[in-house]
Every structure is written in structure tokens, then in C-alpha cells.
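Undergrad:
2 protein chains.
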Amino acid sequence: MTSWSGSATISTFLTLDDISKARKNHDPSKHKTPVLKLLAEARAKGYEAVSLPLTTEKWRTRWEEMCLLPSGSDRDSEINAEQKAEVWRSRPAFLNDEVTITRLDEAEGVTVMISDWLELDATDDWVRHDAEIALKQELAYASYLNIQSAILPAPRNREHAASYARIVNSCLKNTPYIHLSISLPIYNPSVLQHTQNPSLLFTENITSPESLSPSVSAPRLFVSGSSSEKLSSAPESELNATWEMWDLIRSICDYDTRLTLTLDLAPPLPSTIGVLSKWAAESVRSILLPASTFIANAKGYPVLPKTAQSFIRECMIHHPTVILSAANAGQHTRGGETAYAQYVRHLEKTSPAVQAAERAGTVENFAQGYQDYLQAPLQPLMDNLQSVTYQTFEQDPIKYAQYEEAMYRALLDWDEEKIVFCIAGAGRGPLVTRCLTAIERTRRDAIIYAVEKNPNAFVTLQNRKEREWGDKVQLLFGDMRFIDVPEQADILVSELLGSFGDNELSPECLDGAMRFLKPTGISIPSSYTAHLAPLSSSKLFNEARATKDLKSLETPYVVMFQAVNILSGEGGGLSGRCGPQIQECWEFEHPRRDPVLDARGLPKTNSHNARSAKLNFYIPYAGVLHGLAGYFEAVLYGNVGLSIHPHRKDHISKDMLSWFPLFFPFKEPLFLPSNSELQVSIWRLTTERQVWYEWHAESFLSSPSFAQIDATLQRSPSLGSASASTLPSGGIQSPLIDAEDPVFMQRARHMSLDSSHFYETVKIGQTSLHNPGGRSSWIGL
Amino acid sequence: MTSWSGSATISTFLTLDDISKARKNHDPSKHKTPVLKLLAEARAKGYEAVSLPLTTEKWRTRWEEMCLLPSGSDRDSEINAEQKAEVWRSRPAFLNDEVTITRLDEAEGVTVMISDWLELDATDDWVRHDAEIALKQELAYASYLNIQSAILPAPRNREHAASYARIVNSCLKNTPYIHLSISLPIYNPSVLQHTQNPSLLFTENITSPESLSPSVSAPRLFVSGSSSEKLSSAPESELNATWEMWDLIRSICDYDTRLTLTLDLAPPLPSTIGVLSKWAAESVRSILLPASTFIANAKGYPVLPKTAQSFIRECMIHHPTVILSAANAGQHTRGGETAYAQYVRHLEKTSPAVQAAERAGTVENFAQGYQDYLQAPLQPLMDNLQSVTYQTFEQDPIKYAQYEEAMYRALLDWDEEKIVFCIAGAGRGPLVTRCLTAIERTRRDAIIYAVEKNPNAFVTLQNRKEREWGDKVQLLFGDMRFIDVPEQADILVSELLGSFGDNELSPECLDGAMRFLKPTGISIPSSYTAHLAPLSSSKLFNEARATKDLKSLETPYVVMFQAVNILSGEGGGLSGRCGPQIQECWEFEHPRRDPVLDARGLPKTNSHNARSAKLNFYIPYAGVLHGLAGYFEAVLYGNVGLSIHPHRKDHISKDMLSWFPLFFPFKEPLFLPSNSELQVSIWRLTTERQVWYEWHAESFLSSPSFAQIDATLQRSPSLGSASASTLPSGGIQSPLIDAEDPVFMQRARHMSLDSSHFYETVKIGQTSLHNPGGRSSWIGL
């Protein structure tokens, strides 16, 4: 469990200039080495961590002399260089003055920057090959010095990103322990190459100016913050470009947990935050924040542009290390070096995530330490809960207030002289107490039957009846599906809901309890719905994979989401056939209409509790699907409800603590391009003894098609006018497949016409059913 | 190993009509049951197998009365039906007259057809639910009768194909042993709904006419062969539609080996065979061939249309069961019932695959029993080969003839008085013998040094020198990389090539042997190239997955391809950036130019033998990528070569037997839509001690884009005119990333302009590197 206080670690970046200045002025009587002096100074200034380049210009010079053929060099010098290179390749090693640090104490707690002029994705095979050897040499040296974390230069060349990724993967596999972090601007800086006068800022601090000549290196391109206005119109595809490289790298590295991201905020951010939300789902370890990214406020103090502010606030969920550079360069007139770190701390304190976590009574505060932690859902029907579990859930101030309100209103609406309540599943009695209060508030004459099957909780109930409740409460020990109750109830109250509504078998339990509800009686809850949205989270994907228990692997998890991104957007998608961001799967109602019952009043089979849903989601921005987020919403009575639906929970039951969402994992991640559509199928399946879910997703790409419009319209005149709205919905009771309607659906390429364009939808991928064949049914009936 | 004689099994389909007629005329003194009589008759007619429907009309009637609500039924009959259904759902069981067979001897060797009116993909939830129960009931009954194989009704509803698939998967997981085969028309018959007067033919044989009323069922739609002309223009997307459903089903069933395809040839085939090649990669078990598919030839005998002929010939690689139906219905005037089976046998005999396998001297004949069988590549450097292995390869009549021809021509071209040959890796001596013949043919003065490191083969060499070769041949025992040779050779001959050219370490071995070649000397081979193509094969995917040995899992295999489909097409793709169907990765040349050598004349590192390639393939038809097919081509001397490149082998070295292609498997299948592009990266990697390959693929979809043309062109005027041809090629020696060129490459959406359209390429998927980090290097140097 991590604490929110100090979400961010603030680090300073020592440049080669800093180190070389310290060398010049070194006084061995005070500090053993110049770097140790710099480290002590950084600590004194309040920095919690230090980053520095691992190698010096000397190393760059030697490497380039060996490995790059200068244009116009003669044959002899070529052979000479190649001979040196071959000797080096056979035994890669540094000379003393080619590295910045040489001692364990200089390396302690330090994050090193790998030589950023290494082109791991160079177009030239030999440059790539020798850059790989150099990278491995640097990492081996860093490991020797017990360095825990190294930042790699950003990939720059989409065409050879797979080579970059292969090299990183090879390093992860061959270098134990060390964490590698890929530095990456949030969007592709190449679009800036056409803007006037791009300046290289962050790079200046790392390498000396003369080394930046374009003939020998293609350093990371960072542009000054002042050009941010020009960039705010960068199209989404550009913003996806660097993410796509990151996705390729981590996929080839098979989501290695030692691989993280260092986001480079030197390039100005786009003005819309929407496209940035994808970074929430990635393992962001650090943020590079050069002083040049700051702008001066009216008083001259360094502050960040609005988008950067919001983005850094959002990033606090990652507990990032914020690496400040050039803070000592005096780029702003007021505040001095400490102003930058103070400003980051200000952003931290004003981060919505941090604030929610720190405010007592919020679910974020309640969930401290449980963010992105996978829990198996409770199985209260199979397992008898512990007292401490009941206690945790009884802490929820909202849920039981809502129940009391629902019972209160039901009482007001109910016309009987004497009202019979039945609490089905009383647990340790929280609903009994609330029910008594509701009765008191209405001054109605009522009695309560409290049914409970957990023998241990039943002791608590007896104790409370004796001490608190008295004769108004009758206790009944047994399973609500089989027990006999002295009289039928007017109002049946239960709290059997799971994070997905029906996932703790409320429908099955209430089928049994309906026997003792009067035919016109009220059930609280009266209905509940399950909701889904497609989710991306490399953290959750890795957590689910790491689960050793096969049975757990095939079930959904209860998770307090944090480092996740919901991939779906609002709106109908290009085809117009998509629903909203979060979509309803199905509903259960109580009491339910006319099931066929046996002599005992129980359903003969559980078929009526089977459900299925097929949902169409619009995916505006490219992302990787790792699973589905599951939510529920319940109507207790009238307009009193419970909800963990992200868009509606604050309206319906704000600050309710009892339910985290459900996470349905997929075995294999599925790449979803921008403007694609995702079709999710989910089934609630049941046998006599078991209930379980299965889920599946297929992705489609819609794109405007002018090449085939004419041909298609001519071929099948009735097809062009078919639209999504004329399709049969899933709820139709008829078993008949009409010969006319399915034409549209049976086509591999679905077509539709909107007002202006003709779109074609082509299947592009799928991720297979996670929970096949009911092997892993997870609740015994 | 399977024999080619009898590729196809010919089966007859017994209809309910056949069975009911046999019941009427049953004579218990001759046969125990009517079905046993029919089986005996079928055997007498020469059929090798029998298929029949498992259930009768009685069962259909009962199921429909219970599970379908007839329109206009009253409340009481609804409840009555629902009560019956609930009883059935809780204990699904047949009555005696609802099934066609009841005895083990009736079921022996029989393939049953599951009730084809079961709508496993119905739009209505309840119909689907009850169809699933009925299907499981039928399969349980079939299992009880020890039936090995059942054919399931075709999926019909793309919208609910995932539900169909989930049900099939559940059946596979819950029913041990039985094989399930999905019947499937080759293209989506729904396009026929607009043609005039579609007739239902095959279905008529299964169910009685009155049951076909569209209000209670949506039976498989099969149309008569006579409408084939109308259909020949069916677009490719329609032809992909049923394949896409099949792909979805087998993917959700995780490529279960008990799941196969029964292709239904009742609908007429398209006139082009190209799009049909995808079925070669699928596990086709049976072909349904109703008499109505046949047309009458000039003499009135039943024959098939040309496309169907070719398709069935191609299908012989699957060793299918061809299920003939209605052959006894007298639909053709000549030939009687036996004419249909005779015609299928004719197609079998004239199948190119069968003919190639039966013709002595072909690689197909030589490879009998090795089709689609995964073999680990030889590692002759690490392992000393057995005499029997040498013997197998010495059988190749073409390879050694080519070598002799190459040596002969090199001798003619060589100007020295006395010529020194060195055979590097002489094995048991086949090249020595050929070399002596070549010398004799040219009457030149020459001697041969034969180097061999295998001590066992060296005994054979000594024996042959003594008995056959005499003084013209000097034997040298040792590894060519380290041995000293008395004099330098004019012509160095080696046969170290693997299926991918360099994969048995020819480059590394010849680096050593170059020490004893004169500076201007000749190497035979003088060069070789490696070639790749994307491949689909569910068989090979399953075979590779089944390999238990982790190390083997991460290496390529030697395979004689059969049930595979090369996914790439010729032509540049929509973007114009794609290469041909099979593309060259890299080349090795001997003697190679100026490597830096150590004092012993050996390279200091193996860096110069590292290679990488990035290839763009055009994928015309949707398919699933399971791996890469690898081939080689070698120039021995001048225009004498060796090739297993599918397009060129017959031209260069026809009927050469020594090499099957290589198969590079992917861990996860990758769905590729029609008209997509596949970018394949492959690396030949090396350390001091190891050589290995890694490979990776990303898929992209190009589509015409008119929505963004204007915006993009305005945003970045220079972008629109960037074209693939101006990009730096992979071979450029400069390490410099030019600031101007990479703009195009670094964009996530690659754009290009051809003469008429503006295309946009969007990444849609990837399959990860199979062999990460060099863990599984497979050849020790």
C-alpha cells in the first residue's frame, strides 16, 4: 500500500556542464568526488532524487570515430576505424573519462540517462548494431554500479521502431534487476520540423552545443514552450504516433514489468486533454520537465501552461518521479531554483486524485492502498462471511441511508394495516436497524422477519435482538431459497448485489425468497442493471496475468480502478451504430413476471436467469484493450437507487463505498486503432449448479469508402438504404429469422449511409473468449 | 504417415426419406433393423462411409411446440408450452421415435448430422438457449452410441456468430472424444436472396417439405447449381463472409483439434479460384456434395462445373470425406447412382497434389508422410550427422548435378595450369565424386582437398579414397574454421546451405574456410538469399503449439507445406508500397569483401554476419497469420543455382529434394483483413557463440480517405507529395537521420498519393516477437 502524501518524487537532472564545473572547482577535503558534492548539494536543495547522464562527450567522440564513417574519408582511415570497432565489438569497455560516475556511493539512488545520441532505431543496419552494443555496454556498467534505473533515449523512427523494441527486449532479458524507462515525447515532434526556428532546449543541457551538428547525430528534438500556440492544432494522428511506438515496444517486450515510460514534457502539449487520457493506462514512471517548459506568470514566477498543469495533476496517479532540468539556469526572473519544485508540489496538492484520496468519506480515501489491486469477488452464497467483512461494508454511510429511504417510501406507499417486512440475508443486522428506523419514522405498525443462513452471523443477530430490537424482529435461520417463513411479506428487502449487479447471485437467491413475498408485494431492490465499458490498463493486464490460480484467471475481479483508461467514447461512431461510452448489458427485476414454478414455488430450471448482450462501442483514440470494466445500478424503490456507474453514481449515491467496479480480463491484448468500433459479447450462463460469465470482443474499422459505393449500390439496391435503426434489436421474442432483415447483419462488411458519407466496416481483430465452456463457473448454487 | 492412394473417402448421405422407406419395407429376417439394411446396401454400392440425420421430424415437432411461441397463441397454451419446456430443460431426453438410430451397430462408423433446424445463432435469446440445450442433448446421445463425428448446422447470422461459437466451444469442452464439424457454404448464401426463385435443394433431402415454411425455421439456404452464372460475380467480401464466421468460431474454440469444417458445395462456386485458396489452410474434414451440384455433360452424365472441379482437386490435400447426397434420386439421365462417386474418384486421380505425390522423382513423392510435419532444422555444425542422414540427402539427383555443372563451368573459366579444389565439409564424399567427374569432363589437371570435421564420416572418406579416388584426393580431418590446409585453393566448394540459406551457419563456416581460398579464387556457392512470405495454416499453428520443448517452440521448423495458404498477393497494395508475394530478406556473398581479420585470418567478431529485413506484404484476402514461410535461393556458379523459391524452383532446380521450406511460427495468430498490409521484421542476430533469428509482424489497413485529404494537405503541404520512392532504403550506409526525410516515416498514418486516390494506412494489429532476447539461440558456434 502506498500513501498519497508525496505522490510525486522530485528529482533534479545534473548535466555534463554541472559535472564538469564541479570538477574544476573540486575541493577533495570537503567531498570525496565532484559528483558526490553535486549529490549532497541536490539533497540540500530538497530534491529527493538525482538523474544524470552516464557517459561523457569523450565516449561519444570515440564511438563515433569507430562506428560512423565520415563522408569523404579515405580507404585507410575507414579500415583503421573498422579495426578499432571490431576490437571494441569483441570486448566493449569504457575508459575512465568516458563515464560520469565510477563509485558505488556516486551511483546510490541515482537514475542514469543512457547516451541519448544512440540511435537504436537508425535506418542504417550498422549504426543500429553498434548502438545496441553500446547500449548493452552502458547497462552492464550501470548494473556494475548497482544502479536500479536507467532512462533510454526516445525512439524516433517509426519505420525501425520494431528494431528499437527488439533491442530493449534483449536488454531486459539479458540484464537482471535494472529497470528501463523509455523517454518519449507525448506526441511526435517531427511535425514541428516545419515550424519556424525550432530550438533545442533540453538536449542542450545534456550534450555540448558543438555536438549537435546535424551531420553526426539526430538528437531528440525538443522545442521551446513558447511555440505551444502553433502546436495546439496538432492532429490526433500525430498525438497517437509516439504512443503507437510505445505500444509496439512494450508489446515486443511482452509487458515486462521492468519496462516503464518517462514522458518528456519539453514539447508543448495539445490544448485538448482528451487524447492524453491514454497515458493513464500506461506505466509512467517519470516525467521530464525542463525549466524551458515553464512560462512566466504575471509576477515573473515559473508556472506551466494549463494543459500541462492538468496533465501533471492527472499523472499523480502514477506516483511519478518528476525530473526537473535546468532549474538552476535562471530562465525565469522570480523564484529562483526552488520555484520549479514548489510549483510541482502545488500541482500535486491540487491534483483531483490526491485531493479525493485525502478527503475523508470519499471512496478514494476509503480505498487507500487498494487502487488497481485485484480482489476475487465475494461469494457470500458459497462462503459464510467473516464478521470483519460485514463490519467493513457496514461502514458505508450512503448505502444504508439509501436503503432506509427506500423502505421509508415503500412504507408510505403501502396501504395495509399491519406491514410485514422480510429482510432476506440479514447478515449482522444493518438493514434490520434501518428498517426499524424507517418504521419509526412513518409510525406504522410493522414486524420484521430477518432471514440469515450464516450460522456465525446468526449469533450476532440473536445478540442484537436480545439487546436492541426485541419482539418487532423475528429471526429465521436458513437459506432463503429453501426456508419456510411463517407469513408472506409485504416488503422483501435484500442486499445481495455485487459490483455487476447479479454477480453475487441475487437473481437466484431472490427466486427462492419470492415464495414468501405477497403476489403484489414490493421487492427492495426492485431492479438492477449491469453495465460495461472497454478498458485499457497495462497494470491490470499484468496483475491478472500474474495470478497463478487458473480458476481466478478466468473470473472477473473486483478492482478500485486507477491507472486505467476507458477506451470508448460517446457518440455513434462513423457507422452510427455505436452506443454510449458505458453501456447497459441487461436487467433483473423483482418480483419477476410469471416464471413456471414447481410445487414448492421454486423455478424448475435457472434458464430464466441466463442473459446475453452484444454491445457496440466507438473507439475514438487508438488504444489496447485489456479487459472490460463492469458496473451496476439498482433501483431500490421509486427513485431511490444505488449506482457505481461512473457518470451517474454522484447523482444517485455519491460517496457510496461498498462496491468497486468489476474487471473482466482478456487473455490477449487487442490493438484498437483510432475511430474503430468494438463489438463486445457477454453472456451470463447457468446450469443447475453454476452461474458464470463468458466474454468476447471483435474489432472493426469504419472508413469512408468511395471506391465501392457505386458498385455496391448497383449490385444490391436495397442495401444502401438499410440502416442500423431498422435492425431487429436483441430483445425481440420471436425465434424467427426473417428472410429480409438479416441481409444487413449477415454481411461481413456492414455498410451504412449517413447524411454525407458512405462507410464500410471491416473486421480487423478479435480477442478470444476468456472463460470457455463453463469450466470455471465460480459460484456454486 | 498417410498414403495418397485413397485421399478421399466417399460417403453417402441417408435421408429421413430413405430411412422411412426402409422402415416400411423392413424384413426382419434379412436385417435386424431398417438402418442396418441401409448401411449394408451403402457398403454394397461401394460407399466407404455413411452419414445420416440423428433426429426425426417428431423431435423437431416436439421441440418447436415447447420452445417456439406460435404467433396468436393464447396465454394458457403459452404457459402449457413453457411448463413442458421447463421439464425438458431440467432433464433433456429423447423419445424412441425422435431419433433415427438406437443401437451401437447402427452407429458404427456413421457420421451424424445434428438437427439442422437448430438456430444456435438465433437473434432471440430463448431460441438460442433452447437450441443449445437441444444440441447438447443430441451430442450426449451420439456419444452414448459411440459416434465419433457429428456435423453441426451452418452458422447463419453474423451478428450472433459469437454465440454460436461459444456454444460449440462449450460442447467441445463438455463432450469428450467426439469430433465436431461445422457445415459451411463457401460463401454467404444471403446474397442469393435477391436472385429470382432460389430453390432449396440439399435441405429437401434432410427435412420434409412441409417443415420448410419460413415461419418456423430458417433452414440453410442452398441454391441450385444452375444459377451459378448469376453468382460468379459475387464480390470478394461475400466470399469472405462465411470464412470470417468460421474464423470466429475456431478462434473462440481456441483451435480445438476436434473442431473441423464440412464445406458445403451446394451453392455454386465463384468463377475465380483465387479467393478459395484460403480453405487450404483450414482443417477441412468433409465436403457436402449434393447431386444437384452436378451438371450433365453432353452425354448426360453428371459432371461438375470447372471451378468446383478445381476446388475439389485442391481439397484432396485434406484427405476429405466427400458426402454425396441424393445420388439415388435420378437427377441425371446417364450413369446411375455410381456415376457420382466415379466422378469424384476421377477428380481425385487428376488432382495435382495426388499426381505429384504419385510421380516418382518429385519432392512430393519423396516427402510422402512428411507433409505439414514439423522437423527441427539440422545443426550439422553442432551435431555430427549420421550416415543414414547423409544417405538421404545424397539421393537428391538434382542438387549434385547442379554442383557438378557449377564446378565444370568454373573449371572451364579458370586459367591456371593446375587447379586446386577444396571441398569444405565433404561429408561422405558426394561432392568429391562430382568434382572428379567435372575434372574428367574438362580434362584439366586438378587436385582436391576434402575437409571434414565429422570423425565418423571421415572413416567413410578414407575408405572411398582407398577404393575409388586415389591420389587426386587429399583428406584433411578438422573444422574448416580452424584447420590448416597445405595450399590455398582456386575453387572452394561447400554444401552448407539450409532451407533459409544461412540458417545452418554457412556464412560463419565459410568465414573460416576463406583463409585457404586464393584472393581471386571462386566460392561455390558464390551467394545465397533468404526469402519470406506470410503464411496461414491452422494445422501448423497447432503443431507448433503442441511442441512441448520450449526451445523448439522458439525456433523455425523445417516443413513440407501442404495444408497452408500464403496470404500475400502480388502487386503493391493500395498504398503502392508493398513488394511481391514472396520477398527477399538478405544475401550472403562468398568470398566476402574486406572483413577486418585477425592474425589467423579469421574475423574478430561475427557482426558482419548480422542481418535484418523489413518487408511489406499486400494481403488481398482476409486470413489469419500463423507464421512465415522461409525459402532460399543460391547461385552456385554463373547461372547454375539451387532454389526452393516456389515461383522459381522449377526453373532453377526442378525436382530437387534436399530442402523443405522453413516455418517461422508466431505465438499468437493475427487476423488480417482483406486489402490490408503486413509489415514483417526479421533479424539474423549473433553473438560470439550464437546465431539466431527473431521475427515480428504488424498489420495495417489502407483505405481511401477523402475526409482528411483537404485538412492534411493544407496542414503540411510538403507531405502530400512525399512518396515511398523517395524514402531512404535500408541499405544506406550513413548513420545520419536526415531532418527532412523521416517526416514521412515517423508519422503513424502513412500517406501516399497514387494517380487517382489518396490512401491512409492505419495500424490495426501486431503479433509479438516470437524469440525474444536471444534466449533460444539455436546453433552453437
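In the order they appear, the protein sequences are chains A and B.
Taking the UniProt record's numbering, the leading residue of the first sequence gets 1, the next gets one more, and so forth.
Taking the UniProt record's numbering, the leading residue of the second sequence gets 1, the next gets one more, and so forth.
C-beta atoms are modelled at their ideal positions from N, C-alpha and C, and glycine is treated no differently.
Just so we're clear, the structure is a prediction, and the values are computed from it rather than from any experiment.
#1: Let me know the secondary structure DSSP gives I186 (chain B) once reduced to three states.
#2: Using the beta-carbon count (16 or more within 10 Å), is T520 (chain B) buried or exposed?
#3: Distance, Cα to Cα, A356 (chain A) vs H645 (chain A)?
#4: Do the CB positions of V275 (chain B) and Y47 (chain B) come within less than 9 Å of each other?
#5: Alpha carbon to alpha carbon, what distance is there between D254 (chain B) and T338 (chain B)?
#6: Considering Cα atoms alone, identify which of A:R250, A:I10 and A:K306 is closest to S163 (chain A).
#7: Would you tell me roughly how many angstroms separate the C-alpha atoms of D741 (chain B) and Y187 (chain A), rounded to the nearest one?
#8: Of the residues that make up the stretch 621-638 of chain B, which ones have a beta carbon closer than 8 Å to any beta carbon in chain A?
#9: Verify the contact flag: L685 (chain A), CB atom, against every heavy atom of the ligand ADP, threshold strictly below 8 Å.
#10: Look at the Cβ atom of F482 (chain A), then the Cβ atom of A446 (chain A), and state whether they are nearer than 9 Å.
#11: Tell me, which residues are paired with C422 (chain B) by DSSP?
#12: List the residues of chain A that R179 (chain B) touches, going by C-beta distances under 9 Å, in chain order.
#13: List, in chain order, every chain A residue whose beta-carbon is nearer than 8 Å to that of F671 (chain B).
#14: Would a check of beta-carbon distances place I252 (chain A) closer than 9 Å to chain B?
#15: Listed in chain order, which residues of the stretch 602-616 of chain A have Cβ atoms closer than 8 Å to some Cβ of chain B?
#16: Could you say if the stretch 520-539 of chain A and the stretch 405-414 of chain A meet the contact criterion of at least three C-beta pairs nearer than 8 Å?
#17: Measuring only the C-alpha atoms, how far is V432 (chain B) from E668 (chain B)?
#18: For the stretch 552-566 of chain B against the stretch 659-666 of chain B, do three or more pairs of beta-carbon atoms, one drawn from each stretch, fall closer than 8 Å, so that the two count as touching?
#19: Rounding to the nearest angstrom, what Cα-Cα distance links I764 (chain A) and F541 (chain B) in this structure?
#20: So that I know if they touch, is there some Cβ in chain B lying closer than 9 Å to that of Q83 (chain A)?
#21: Work out the CA separation of S702 (chain B) and Q581 (chain B) for me, nearest whole Å.
#22: DSSP three-state call for L497 (chain A): helix, strand or coil?
#23: Nearest by alpha-carbon distance to A134 (chain B): which of B:S149, B:I167, B:Q309 and B:S73 is it?
#24: If I follow the unbroken alpha helix (DSSP H) through A93 (chain B), where does it start and stop?
#25: Can you find the residues in the same chain that come closer than 8 Å, C-beta to C-beta, to L152 (chain A), ignoring five residues on each side of it along the sequence?
#26: Given that H318 (chain A) touches chain B, what residues does it touch there, using C-beta distances under 9 Å?
#27: With DSSP as the reference, identify every bridge partner of S251 (chain A), one or two as the case may be.
#28: Using the beta-carbon count (16 or more within 10 Å), is Y449 (chain B) buried or exposed?
#29: Give the list of continuous beta strand (DSSP E) stretches no shorter than 3 residues that lie fully inside the stretch 528-590 of chain B.
#30: Compute the Euclidean distance between the alpha carbons of T389 (chain B) and D479 (chain B), then round it to the nearest angstrom.
#31: Taking C-beta pairs closer than 8 Å, name the residues in chain B that S90 (chain A) reaches, listed in chain order.
#32: Step through the CB atoms of chain A and report whether any lies within less than 9 Å of the CB of R592 (chain B).
#33: Taking beta-carbon pairs under 8 Å, can you tell me which members of the stretch 139-163 of chain B lie near chain A?
#34: Report, in whole angstroms, the separation of the C-beta atoms of S612 (chain B) and K399 (chain B), which I expect to be a contact under 8 Å.
#35: Are the Cβ atoms of I252 (chain B) and H626 (chain A) separated by less than 9 Å?
#36: Quick one: residues in its chain with C-beta nearer than 8 Å to the C-beta of A489 (chain B), no 5 flanking neighbours on either side, listed in chain order?
TA: Taking the coordinates as given:
#1: Counting from one through the second sequence, the residue named residue 186 (chain B) turns up at place 186. If DSSP states are grouped into helix, strand and coil, I186 (chain B) belongs with coil.
#2: For the purposes of this step, residue 520 (chain B) is identified with residue 520 of the second sequence, where counting begins at 1. Exposed, by the Cβ-count rule.
#3: In the first sequence, residue 356 (chain A) corresponds to position 356, counting from 1. In the first sequence, residue 645 (chain A) corresponds to position 645, counting from 1. If you take the alpha carbons of A356 (chain A) and H645 (chain A), they lie about 18 Å apart.
#4: Within the second sequence, the letter at position 275 stands for residue 275 (chain B). Within the second sequence, the letter at position 47 stands for residue 47 (chain B). Contact flag unset, no.
#5: Counting from one through the second sequence, the residue named residue 338 (chain B) turns up at place 338. Counting from one through the second sequence, the residue named residue 254 (chain B) turns up at place 254. Their backbone Cα atoms lie some 40 Å apart in a straight line.
#6: Indexing the first sequence from 1 puts residue 163 (chain A) at position 163. The candidate whose alpha carbon is nearest that of S163 (chain A) is A:R250.
#7: Numbered from 1 along the second sequence, position 741 holds the residue referred to as residue 741 (chain B). Numbered from 1 along the first sequence, position 187 holds the residue referred to as residue 187 (chain A). Since pLDDT at D741 (chain B) reaches only 25, below the 50 mark, its modelled position is unreliable, and the value read off the structure follows with that caveat. D741 (chain B) and Y187 (chain A): Cα-Cα distance of roughly 18 Å.
#8: A622
#9: The ligand ADP is not part of this structure, which contains no ligands at all.
#10: The residue you call residue 482 (chain A) lines up with position 482 of the first sequence. The residue you call residue 446 (chain A) lines up with position 446 of the first sequence. No, these two residues do not count as a Cβ contact at 9 Å.
#11: Your numbering for residue 422 (chain B) matches position 422 in the second sequence. Answer is B:Y449 and B:L492, bridged to C422 (chain B).
#12: Position 179 of the second sequence, counted from the first residue, corresponds to residue 179 (chain B). Reading off the sequence, residue 179 (chain B) comes out as His, not Arg. In chain order: nothing, as chain A lies at least about 16 Å away.
#13: Indexing the second sequence from 1 puts residue 671 (chain B) at position 671. The contacting residues are K763, I764, G765 and Q766.
#14: Mapped onto the first sequence, residue 252 (chain A) falls at position 252. Yes, because at least one Cβ of chain B sits closer than 9 Å to the Cβ of I252 (chain A).
#15: P603, K604, T605, S607, A610, R611, S612 and K614
#16: yes
#17: Position 432 of the second sequence holds residue 432 (chain B). Position 668 of the second sequence holds residue 668 (chain B). Near 46 Å, if we compare the C-alpha coordinates of E668 (chain B) and V432 (chain B).
#18: yes
#19: Your numbering for residue 764 (chain A) matches position 764 in the first sequence. Your numbering for residue 541 (chain B) matches position 541 in the second sequence. Taking the straight line from one Cα to the other gives about 20 Å.
#20: The count along the first sequence starts at 1 and reaches residue 83 (chain A) at position 83. Yes - at least one Cβ of chain B is within 9 Å of the one on Q83 (chain A).
#21: Within the second sequence, numbered from 1, the residue matching residue 581 (chain B) stands at position 581. Within the second sequence, numbered from 1, the residue matching residue 702 (chain B) stands at position 702. Approximately 18 Å between the Cα atoms of the pair.
#22: Locating residue 497 (chain A) in the first sequence gives position 497, counting from the first residue. In the structure shown, L497 (chain A) sits in coil (DSSP, three-state: anything other than H, G, I, E or B).
#23: The residue given as residue 134 (chain B) occupies position 134 in the second sequence. The candidate whose alpha carbon is nearest that of A134 (chain B) is B:I167.
#24: Looking up residue 93 (chain B) in the second sequence gives position 93. From DSSP, A93 (chain B) is part of no alpha helix (DSSP H); its letter is neither H nor E.
#25: As a first step, residue 152 (chain A) is located in the first sequence; it is residue number 152 there, counting from the start. Result list for L152 (chain A): I114, L120, L135, V168, L180, S181, I182 and S183, in chain order.
#26: Position 318 of the first sequence, counting from 1, holds the residue named residue 318 (chain A). Under the 9 Å cutoff, chain B gives no residues; its nearest Cβ is about 24 Å from H318 (chain A).
#27: Counting from one through the first sequence, the residue named residue 251 (chain A) turns up at place 251. S251 (chain A) pairs with nothing; no bridge assigned.
#28: The residue labelled residue 449 (chain B) in the question sits at position 449 within the second sequence. Classification of Y449 (chain B): buried, given that the 10 Å Cβ count is 16 or more.
#29: 583-589
#30: Translated into positions along the second sequence, residue 389 (chain B) becomes position 389. Translated into positions along the second sequence, residue 479 (chain B) becomes position 479. Roughly 20 Å separates the two Cα atoms.
#31: Counted from its first residue, the first sequence places residue 90 (chain A) at position 90. In chain order: K604, T605 and E688.
#32: Position 592 of the second sequence holds residue 592 (chain B). Not closer than 9 Å to any Cβ of chain A, the Cβ of R592 (chain B) fails to qualify, so no.
#33: R156, N157, R158, E159, H160, A162 and S163
#34: What you label residue 612 (chain B) is simply residue 612 of the second sequence in a count that begins at 1. What you label residue 399 (chain B) is simply residue 399 of the second sequence in a count that begins at 1. So it is not a contact: roughly 29 Å between Cβ atoms.
#35: By one-based count along the second sequence, residue 252 (chain B) stands at place 252. By one-based count along the first sequence, residue 626 (chain A) stands at place 626. Result no, Cβ atoms of I252 (chain B) and H626 (chain A) do not sit closer than 9 Å.
#36: On the second sequence, position 489 is the one that residue 489 (chain B) refers to. Within the same chain, A489 (chain B) has close Cβ partners V420, F421, C422, Y449, F516, L517, K518 and G521.
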